[in-house]
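Here is the structure we will look at, set down as structure tokens.
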């Protein structure tokens, strides 16, 4: 592995590590504040949306799609269980839904929808700033946030493109023919990035750039 390839991986790892650290700190503060903010009305809504397993799965799926983070949903669920706001058996549906919802980002990457991200960002910004109606402004903010999410997915795709030109990287990927090795690499990358969506997105991007499918798809085994 030459210096150029090593430097490329280290730089990507540095920024990924910084982002994951910031995310973890953010999640910690959110979790600490949730218990304080929960009132009787909020607890009633939690009970309503998790009254059975199906409702819990749907709730977990929708929340993960909106937040684009299964980690945030799972941490929030743990906090609710610890504060006795949510029963443990009802939390299982939310966890399952969070894992289902995390595939949403992967589908967006596969459809290459990120290149259209400026459209919802522009429309959402105008609606949220110009409109005096709270409902219209809320719709605008939602579009803006989704546009930013799409843009993030797009930039993530572009960030891994240099790797497909690296002979050392391609040679290294040929060593991952064993699915267990691929699963280990996938688990390690997910641990560093704190995002299974990011790992799957990189796999999809590299695979669509004519890299070897069998070796790349083996990294999916840990999800």
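In our numbering, the protein residues as written are 1 to 223.
Glycine included, every Cβ here is placed at the ideal spot set by N, Cα and C.
Reduced DSSP secondary structure (H/G/I, E/B, other) of residue i
i	result
residue 158	helix
residue 171	helix
residue 134	helix
residue 51	coil
residue 83	coil
residue 142	helix
residue 117	coil
residue 111	coil
residue 23	With a pLDDT of 44 at residue 23, under the threshold of 50, the modelled position of that residue is not reliable, and the figure given next carries that caveat. Residue 23: helix per DSSP, three-state reduction.
residue 196	helix
residue 69	coil
Residue i at chain E interface by Cβ criterion, 9 Å
i	result
residue 92	Looking for chain E here will not work: only one protein chain is present.
C-beta atoms of residue i and residue j nearer than 9 Å
i	j	result
residue 198	residue 156	yes
residue 140	residue 114	no
residue 73	residue 64	yes
residue 117	residue 154	yes
residue 93	residue 52	yes
residue 195	residue 106	no
residue 99	residue 56	no
Continuous alpha helix (DSSP H) stretch holding residue i: start and end
i	result
residue 181	179-193
residue 97	88-101
Per-residue burial, residue i [other beta carbons within 10 Å of its own, 16 or more giving buried]
i	result
residue 136	exposed
residue 203	buried
residue 76	buried
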